[in-house]
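Report on one structure; see the data block that follows.
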Amino acid sequence: MPTYSTNQFKNGLKILIGGDPCSIVETEFVKPGKGQAFTRIKYKNMKSGRVVERTFKSAETIEGADVVETDMQFLYRDGEGWNFMDPESYEQVSASETAVGETANWIKEEDVCTVTLWNGAPMIVAAPNFVSLEITETDPGLKGDTSSGGQKPATMETGAVVRVPLFLQIGDLIKIDTRTGDYVSRAKE
Amino acid sequence: MTTSHGPKSDWRPLADTQTLRARAELLRELRAFFSARGVLEVETPQLVSHATTDTHLASFATRFSGPGAHDGQELYLSTSPELAMKRLLAAGSGPIFQICRAFRNGEKGRRHNPEFTILEWYRPGLDHIALMAEIEELLAVALGVDRCDRITYQAVFEEELGVSPHQTSVALLEEVAADRDLSLSSFADVDEGLQFLLAEVIEPSLGIDRPIFVYDYPVSQAALARIRSDTPPVAERFEVYFKGVELANGFHELADAEEQRRRFEDDRASRERRGLPIPQLDEAFLDALDFGLPQCAGVALGLDRLLMLQIGADTIEEVLAFPLCRA
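Heads up: the protein sequence lines correspond to chains A and B, in order. If you count by this note's numbering, then the first sequence holds residues 1 to 189, one letter each, in order. If you count by this note's numbering, then the second sequence holds residues 1001 to 1327, one letter each, in order.
In structure tokens form, the structure reads like this:
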């Protein structure tokens, strides 16, 4: 990987700090009028999600982190992990439970996810912002009641539980915002 | 008639009209302040024949081609009007001030634009302590503050970090940084350690309620200030901070040509160690000192930062019509 000087620091740059891949979220040039320049950055440790501050001398360099984000299709889950395929190269990778995390609630086979690869291995798997899932379990609804505003829990085909309007039934397809876990609307096939 | 259809440029100024008016008003107030005190406004070149020797500053280089310079003459954009203004003082100008642009390569950030405005003035007969009193009056006019605080460099380091800055070591400063869990805790020399700790720990809380003068610096950071042979000796230098912003730097000015030459040579040696360009010495300035610089104090104040503090701006870009990104 290339090394970067402080003059190359910018938001989004992926660097290696303490062996972990990190993404710069803020940079500040600090310099006394009669003295040495420093560069203060805030960075997010991409493994832990923690945001930390660090100051560099202006002449320092830091190693880049081989981090790429790419769209990959979810194929299947097996004892090893979650298997994804690059739709262009057909190359397959296996993502750990940790990498998939909460995304497990929302994805089903053939869905296209954003996979963040570190040194070629999946580090973070992000679900599409909106997914359509089928309701597999919920209390019988009140047919035609589209106005009362009441909600009930419903279990999706992936196992996730989402609060949905009362009129929805088992077998209905709904659109969900994966960033909040909220029901958005009914979905067409 | 057709027009070009390229992407729309960011042609508008970043500073709003109200800020431009505040800048014009500030310039009027400053000129009135100095006029009332009999301080003469002067202008010195921004295109100069010598690059700065200051280890931590970088000059922009350019070339003059024309009569007398068939092969071109290397010139630099001035990083500070200090040397030229001291030549005026040596020639007998009396008290002088200047409001000018200064250019510093490599400096861009929340409080830095590579081209910025300096207010610089010199007071023959005053030392740095007496000049601080005049700056206090100027800040009263420009910022409406009723008074300023004062603390020595030694006291601020002792209070904030328990370190005596005039008698410390790299190892001790590294220990202080490590104890405080700071992200940088290895320093090339004492000054780097002191400057880092000042910037990282002390500066953000300096002058929160009112401007503060930090004065009497370590001799290793004397720059162009006189050294007073106390125990330990200190450089008669000060800086002004307000709301964590470094606003001005001043000296009881060094007038000894030989001592000045030694400091320039030290700068050149320091540049050589760092692999930086090594500029020729400005002999005209050294000759002026040799002829005789009156005993005086001088200060350079960042006018853009003064305006930032006056109107409560967070970034220097907000007070510039066309900062670097729109220059």
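Virtual Cβ for every residue (Gly too), placed ideally from N, Cα, C. Since the structure is predicted, the reported quantities are computational estimates derived from the model, not experimental observations.
- For S1035(B), the enclosing alpha helix (DSSP H) begins and ends at 1017 to 1036.
- Considering only beta carbons, the part of the stretch 16 to 34 of chain A lying closer than 8 Å to chain B consists of E28, F29, V30, K31, P32, G33, K34, in chain order.
- Within chain B, the residues H1056, G1106, E1107 have their CB atoms less than 8 Å from the CB of A37(A), given in chain order.
- In chain order, S1183 make up the part of chain B whose C-beta sits under 7 Å from the C-beta of R54(A).
- In the displayed model, S1270(B) falls within a helix according to three-state DSSP.
- Within chain B, no C-beta atom comes nearer than 7 Å to that of K152(A); the closest sits roughly 48 Å away.
- Counting along the chain, the unbroken beta strand (DSSP E) around T1117(B) starts and ends at 1115 to 1124.
- The stretch 1176 to 1242 of chain B contains, as complete alpha helix (DSSP H) runs of 4+ residues, the segments 1190 to 1197 (chain order).
- Scanning T1231(B), Q1018(B), E1246(B) for the CA closest to the CA of F1238(B) turns up E1246(B).
- Against chain A, the beta carbon of L1198(B) has neighbours under 9 Å at P32, G35, listed in chain order.
- It is roughly 23 Å from the alpha-carbon of T1062(B) to the alpha-carbon of R1087(B).
- Taking a Cβ-Cβ threshold of 9 Å, none of the residues of chain B is close to K10(A); the smallest such distance is about 12 Å.
- Contacts with chain A at 7 Å (Cβ-Cβ) do not include E1136(B).
- In this structure the stretch 73 to 80 of chain A does not touch the stretch 1284 to 1302 of chain B; the number of beta carbon pairs closer than 8 Å is below three.
- Looking at the backbone, the Cα of E1043(B) and that of V52(A) are separated by about 47 Å.
- With 16 or more neighbouring CB atoms inside 10 Å of its own CB, G1193(B) falls in the buried class.
- W1121(B) is classed as buried because its beta carbon has at least 16 other beta carbons within 10 Å across all chains shown.
- Residue I176(A) holds the alpha-carbon nearest to the alpha-carbon of W106(A) among I176(A), G33(A), N7(A), T98(A).
- Closest option to T1079(B), judged by alpha-carbon separation, among W1011(B), G1106(B), E1160(B), E1283(B): G1106(B).
- Under the DSSP assignment, G1292(B) falls in the alpha helix (DSSP H) whose first and last residues are 1283 to 1292.
- For M1132(B), the uninterrupted alpha helix (DSSP H) segment begins and ends at 1128 to 1143.
- With respect to chain A, the C-beta atom of Q1260(B) has no partner C-beta closer than 7 Å.
- DSSP places Y43(A) in the strand class (E or B) of the three-state scheme.
- Counting only Cβ-Cβ distances below 7 Å, Q1195(B) has contacts in chain A at P32, G35, Q36, in chain order.
- Interface annotation for the stretch 1110 to 1122 of chain B against chain A: R1110, R1111, H1112, criterion Cβ-Cβ distance under 9 Å.
- DSSP places T1053(B) outside both helix and strand once states are collapsed to three, so it counts as coil.
- Each of A65(A), S23(A), G12(A), G35(A) was checked against the Cα of P2(A), and the nearest Cα belongs to A65(A).
- H1166(B) and P1232(B) have their C-alpha atoms spaced approximately 7 Å apart.
- With fewer than 16 neighbouring CB atoms inside 10 Å of its own CB, L1047(B) falls in the exposed class.
- DSSP places T1079(B) in the coil class of the three-state scheme, outside both helix and strand.
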